[in-house]
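Participant:
Residue numbers (the numbering used here): 1092 to 1158.
Have a look at this one:
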């Protein structure tokens, strides 16, 4: 697997997770289905945490491989 795939997937998951969290909290009214539904807030937070974990881990791996 390419070295840059993990941080890229992490960044995408972070973006999706934050978007879902904002929609679930009612801060963004783009979706009639997701807006104001607290389950999307929690799902988004979990996805965002997974994204941050992949992003940080991937960046650390890239930096370690440069040395």
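In this text, a Cβ means the ideal position worked out from N, Cα and C, and glycines have one as well.
All of these numbers come straight from a predicted model, not from anything done at the bench.
When the Cα of residue 1110 is compared with those of 1096, 1134, 1098 and 1094, which residue comes out closest?
Facilitator: Of the listed residues, the one whose Cα sits closest to residue 1110 is 1134.
Participant: Assign residue 1097 to one of two classes, buried (16 or more other C-beta atoms within 10 Å of its C-beta) or exposed (fewer than that).
Facilitator: The residue is buried, with at least 16 neighbouring Cβ atoms inside 10 Å.
Participant: Residue 1138 and residue 1108 - do their beta-carbons sit closer together than 7 angstroms?
Facilitator: Yes, these two residues count as a Cβ contact at 7 angstroms.
Participant: Can you give me the Cβ contacts of residue 1141 inside the same chain, cut-off strictly under 6 angstroms, excluding the 5 residues immediately before and after it?
Facilitator: The residues are 1104.
Participant: According to DSSP, is residue 1158 helix, strand or coil?
Facilitator: Coil at residue 1158, not helix or strand.
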